[in-house]
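Asker: Quick note, the sequences are listed as chains A and B, same order.
Letter by letter, the first sequence follows residues 1 to 358 of my numbering.
Letter by letter, the second sequence follows residues 359 to 716 of my numbering.
Cβ coordinates follow ideal geometry from the N, Cα and C atoms, glycine included.
The model shown is predicted, which means the values in this text are computed figures rather than measured ones.
2 protein chains.
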Amino acid sequence: MFYMPARVFSGNDAIKDHAEALTSLGRRALIVMGGGSARKNGSFFDVVEVLENADVEFECFEGIKENPTVESVMEARDFGLENGCDFVIGIGGGSAMDAAKAISLMMKHSDETWEYLYDKEAPSDMLPLAEIPTTCGTGSEATAVSVLTRTELNTKKSSVHKLFPTVSFVDGKYLKTAPKSILNNTAMDALAHMVEGSIHRKATEYTRMCAAHGLELWKSCKPILLGEKVPEDEDLQKMMDVSTMAGMTIAQTGTTIPHGLSYPITIGCGIPHGKCVSYFQAEFIRAMEKEDRDWILSRAGFSDPDELNDFFVKVCNPEKIPSEFRERAYEELKSNPSKLSAVPYEITNEILKRISGI
Amino acid sequence: MFYMPARVFSGNDAIKDHAEALTSLGRRALIVMGGGSARKNGSFFDVVEVLENADVEFECFEGIKENPTVESVMEARDFGLENGCDFVIGIGGGSAMDAAKAISLMMKHSDETWEYLYDKEAPSDMLPLAEIPTTCGTGSEATAVSVLTRTELNTKKSSVHKLFPTVSFVDGKYLKTAPKSILNNTAMDALAHMVEGSIHRKATEYTRMCAAHGLELWKSCKPILLGEKVPEDEDLQKMMDVSTMAGMTIAQTGTTIPHGLSYPITIGCGIPHGKCVSYFQAEFIRAMEKEDRDWILSRAGFSDPDELNDFFVKVCNPEKIPSEFRERAYEELKSNPSKLSAVPYEITNEILKRISGI
């Protein structure tokens, strides 16, 4: 299946050049953001300018944290309802964009409690939603996924609803002020999406289409991640587009073992998501069938999984994960086998332990 | 921009395996078909089986001709309304699928006359629409375009509305009974879509994503077109997917000079569409900037435009186009410059004459 109904505007000044695609969504926006980065990188002011020019009102809900909690979604929902907002704009990385999706859903279903996010029988209709990525890894602007932290369970769980944005604006210039570590960590997340999505049991020629071109562009950005090249505007746009293509890939498939292993470690050790999934990529790729392994490595420009791992170490500077967390991740993955069964090969306990690094 | 909201189910038994995606569209279907091919290739019976299993009624409007006319659209619209149909299923090549789009639109706007098809100010909402391709060239299952013949103007003109299907079923097995000439002509049409779409002024990294993978798959199908290999099931599925990817490409961009030149010649000389656009590809590619030319030819597996033209001659066996038709096509293209201005290079009259073959 291929299904990605969001309208994606890509390129420099995407918001200003396609203002009506944003301002036609409603009369009063709830803008959902993280910390100060949306002001620093200019995305917030681009949004405000086009809204004001069209006399569309807005309210801001700032302070969505990394790995956003269900509680923060409900708080923002109430704030949006109290202020009479009729559409949502998410600006930021995966945290703000994923939260914005859940907020759009819960605002539409204003009488429901947080359990609605996990009710498989309930309708998924939501308020109109615009997403504006300011990092280059999550791909949330092209997926229906909203990953949220379940505080009481001490892990992350995606909402069961399919929450595609109405429209996304993909502008590389918002990466200009991003710290190098965020650029690198999120670019590794995009790689992970293409790696995991292209071999997923649900992969098709269409997901490979997205991953193949995304990997080719990703490869050309490696010198930037290594610090060997200062990125020009077109490089940053490319990194942003790669992330969106990687999102289009996992929008069809979902992710597999490395993502599954990463969640409890991200929460437990505070390791950023893109970096965290990358600990497991090399051994995951090694466990693939040769044809798939070659397909991925040749497109990403690595001769073997070790070279990919060396690249990860260089660009993400990973600290050691305490073995008890690796073991917990391994046990959790085994007890919740959806990420495991998404792999089209047999993954023995021995192989899974090797991927987990225990 | 990337926007392709149709849900595409691809693969063997796509209709049966995703029956609900078809049967949930309404209670009584209008099935729009050409001649007998939908019965011969089995697609019609697959549709009937899933509809009957779900107690969804249907009526058939058969006999949509190649290059369907506005008159036939209006006739089918009236037939569908009289029979109380609430959704449309198009089965066939571009003619049946393009007609089905226009019929869905006109059934929704049941009080309107045919001029509605060309009314830029009017809403584009339509009845739910499923498209089932049985040739491998048009890509109509992934585009918003409905090309219709304007009898009074003696040429083809696309409806101005954006008419994406709700859902498409892309199953290679419907190609099994297709005459070799149709397989070849339509596969050349898919190539034309990727060639014209990837250099179009509206091309983006996302259209190149679709064209790049499509061209790579297309290249692997060349031995089949040349008659050097008997196609296996997976080859036919690949040819069908290529066509859909090529459709996803032009859904974002539209086509350019070769398509523009072909319309009056197809109508005037009765040359099938895919074959007709191919007369002009080699010189069109030669007129491109080197980077674009190399991008296309290397992916399609040709060393130069001449080799592509030799391939065309071998697989399509083209007859001579009388020079007065080439001249008329050249004049028409110059007088309606949208296809010309879609090319991001300067195309002088001299170059355009060379492409037109005059």
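So, are the CB atoms of A:Ala14 and A:Asp235 less than 7 Å apart?
Answerer: Indexing the first sequence from 1 puts residue 14 of chain A at position 14. Indexing the first sequence from 1 puts residue 235 of chain A at position 235. Not in contact: A:Ala14 and A:Asp235 (Cβ atoms no closer than 7 Å).
Asker: Could you compute how far the alpha carbon of B:Ala604 sits from the alpha carbon of A:Phe2?
Answerer: If you number the second sequence from 1, residue 604 of chain B lands on position 246. If you number the first sequence from 1, residue 2 of chain A lands on position 2. It is roughly 14 Å from the alpha-carbon of B:Ala604 to the alpha-carbon of A:Phe2.
Asker: Distance, Cα to Cα, B:Tyr476 vs B:Val446?
Answerer: Within the second sequence, the letter at position 118 stands for residue 476 of chain B. Within the second sequence, the letter at position 88 stands for residue 446 of chain B. Their Cα atoms are separated by approximately 20 Å.
Asker: Could you tell me which residues DSSP pairs with A:Ser168 in its beta bridges?
Answerer: Your numbering for residue 168 of chain A matches position 168 in the first sequence. Answer is A:Val8 and A:Glu131, bridged to A:Ser168.
Asker: Under 8 Å between beta-carbons, which chain A residues line up against B:Glu649? List them in chain order, please.
Answerer: Walking along the second sequence from the start, residue 649 of chain B turns up at place 291. The premise fails here: B:Glu649 is roughly 14 Å from chain A at the closest Cβ pair, so nothing lies under 8 Å.
Asker: For a contact defined as C-beta to C-beta under 7 Å, what are the partners of A:Cys210 on chain B?
Answerer: Sequence index remark: in the first sequence, residue 210 of chain A carries index 210 (1-based). What A:Cys210 touches in chain B: Met567.
Asker: What in chain B is Cβ-close to A:Leu217, meaning under 9 Å?
Answerer: Numbered from 1 along the first sequence, position 217 holds the residue referred to as residue 217 of chain A. Correct list: Glu563 and Met567.
Asker: Using the Cβ count rule (16 or more neighbours within 10 Å means buried), how would you classify B:Thr381?
Answerer: Position 23 of the second sequence, counted from the start, is the residue given in the question as residue 381 of chain B. Classification of B:Thr381: buried, given that the 10 Å Cβ count is 16 or more.
Asker: For B:Met484, does the three-state DSSP call read helix, strand or coil?
Answerer: Here residue 484 of chain B corresponds to residue number 126 of the second sequence, with the count starting at 1. In the three-state scheme derived from DSSP, where H, G and I count as helix and E and B as strand, B:Met484 is classed as coil.
Asker: So which residues on chain A does B:His558 lean against when the C-beta distance must stay under 9 Å?
Answerer: Taking the second sequence and counting its residues from 1, the one referred to as residue 558 of chain B is at position 200. Here the premise fails: no neighbours, minimum Cβ distance about 15 Å.
Asker: Between the stretch 326-334 of chain A and the stretch 488-498 of chain B, do at least 3 Cβ pairs fall closer than 8 Å?
Answerer: Taking a cut-off of 8 Å on C-beta distances, the stretch 326-334 of chain A does not touch the stretch 488-498 of chain B, as fewer than three cross pairs fall below it.
Asker: Would you check if the distance between the CB atom of A:Lys339 and the CB atom of A:Gly260 is smaller than 7 Å?
Answerer: Numbered from its first residue, the first sequence carries residue 339 of chain A at position 339. Numbered from its first residue, the first sequence carries residue 260 of chain A at position 260. Yes; because the gap between Cβ atoms is below 7 Å, this pair is in contact.
Asker: Between which two residues does the beta strand (DSSP E) carrying A:Met239 extend?
Answerer: Residue 239 of chain A sits at position 239 when you count from the first residue of the first sequence. From DSSP, A:Met239 is part of no beta strand (DSSP E) but of the alpha helix (DSSP H) over Asp233 to Thr253.
Asker: Determine the DSSP secondary structure at B:Leu506, reduced to helix, strand or coil.
Answerer: The sequence position of residue 506 of chain B within the second sequence is 148, counting from 1. Correct three-state label for B:Leu506: strand.
Asker: Along chain A, in chain order, which residues have C-beta atoms closer than 9 Å to that of B:Asp599?
Answerer: Indexing the second sequence from 1 puts residue 599 of chain B at position 241. Against chain A, a Cβ distance below 9 Å from B:Asp599 picks out Thr204, Glu205, Tyr206 and Met209.
Asker: So that I know if they touch, is there some Cβ in chain A lying closer than 7 Å to that of B:Gly455?
Answerer: Here residue 455 of chain B is taken as the residue at index 97 of the second sequence, counted from 1. According to the sequence as given, residue 455 of chain B is Met; it is not Gly. Judged by the 7 Å Cβ criterion, B:Met455 is not in contact with chain A.
Asker: Residues of chain A with a CB under 9 Å from the CB of B:Pro363: which are they?
Answerer: Taking the second sequence and counting its residues from 1, one reaches residue 363 of chain B at position 5. Within 9 Å Cβ-Cβ: Tyr3, Met4, Pro5, Ala6 and Arg7.
Asker: Just curious, the beta strand (DSSP E) that A:Glu29 is in, first and last residue?
Answerer: Position 29 of the first sequence, counted from the start, is the residue given in the question as residue 29 of chain A. The amino acid occupying residue 29 of chain A in the given sequence is Ala; Glu does not appear at that position. Taken as a continuous stretch (DSSP letters only), the beta strand (DSSP E) holding A:Ala29 covers Arg28 to Val32.
Asker: Could you say if the stretch 430-448 of chain B and the stretch 463-473 of chain B meet the contact criterion of at least three C-beta pairs nearer than 8 Å?
Answerer: yes
Asker: With DSSP as the reference, identify every bridge partner of B:Phe416, one or two as the case may be.
Answerer: Here residue 416 of chain B is taken as the residue at index 58 of the second sequence, counted from 1. Listed as beta-bridge partners of B:Phe416 by DSSP are B:Ala387.
Asker: May I have the straight-line CA-CA distance separating B:Asp456 from B:Ala700, to the nearest angstrom?
Answerer: Residue mapping note: residue 456 of chain B aligns to position 98 of the second sequence, counting from 1. Residue mapping note: residue 700 of chain B aligns to position 342 of the second sequence, counting from 1. The straight-line gap from Cα to Cα measures roughly 22 Å.
Asker: What span of residues does the beta strand (DSSP E) with B:Ile449 cover, start to end?
Answerer: As a working note, residue 449 of chain B is residue 91 in the second sequence. B:Ile449 -> beta strand (DSSP E) spans Phe445 to Gly450.
Asker: Within 10 angstroms of its Cβ, does A:Asp241 collect 16 or more other Cβ (buried), or is it exposed?
Answerer: Here residue 241 of chain A is taken as the residue at index 241 of the first sequence, counted from 1. Classification of A:Asp241: buried, given that the 10 Å Cβ count is 16 or more.
Asker: Give me the DSSP bridge partner(s) of B:Ser516.
Answerer: Here residue 516 of chain B refers to the residue found at position 158 of the second sequence. Note: B:Ser516 sits in a beta bridge opposite B:Val505.
Asker: So which residues of chain A does B:Met484 contact, with C-beta pairs closer than 7 Å?
Answerer: Mapped onto the second sequence, residue 484 of chain B falls at position 126. Those within 7 Å of B:Met484 in chain A number zero; the least Cβ separation is about 16 Å.
Asker: Using DSSP with H/G/I as helix, E/B as strand and the rest coil, what is A:Thr113?
Answerer: To locate residue 113 of chain A, count along the first sequence from 1; it is residue 113. A:Thr113 falls in the coil class under three-state DSSP.
Asker: So which residues on chain A does B:Lys578 lean against when the C-beta distance must stay under 8 Å?
Answerer: Locating residue 578 of chain B in the second sequence gives position 220, counting from the first residue. The displayed chain sequence assigns Ser, not Lys, to residue 578 of chain B. Residues of chain A passing the Cβ test: none, with the nearest at roughly 11 Å.
Asker: Where A:Tyr263 and A:Ala203 are concerned, what is the direct C-alpha to C-alpha distance, given to the nearest angstrom?
Answerer: Translated into positions along the first sequence, residue 263 of chain A becomes position 263. Translated into positions along the first sequence, residue 203 of chain A becomes position 203. Taking the straight line from one Cα to the other gives about 22 Å.
Asker: Apart from the five residues just before and just after B:Pro589, which ones in its own chain have a Cβ nearer than 6 Å to its Cβ?
Answerer: Looking up residue 589 of chain B in the second sequence gives position 231. These residues qualify, in order along the chain: Ile582.
Asker: Give the DSSP bridge partners of B:Thr427, in chain order.
Answerer: Taking the first residue of the second sequence as position 1, residue 427 of chain B is located at position 69. BP columns for B:Thr427 point to B:Thr507.
Asker: What does B:Met603 touch in chain A if you count any residue whose Cβ is under 9 Å from its own?
Answerer: Position 245 of the second sequence, counted from the start, is the residue given in the question as residue 603 of chain B. Residues of chain A passing the Cβ test: Glu205, Tyr206 and Met209.
Asker: Show which residues of chain B have a CB atom less than 9 Å away from the CB atom of A:Ser10.
Answerer: To locate residue 10 of chain A, count along the first sequence from 1; it is residue 10. Here the neighbours are Met359, Phe360, Thr562, Glu563 and Tyr564.
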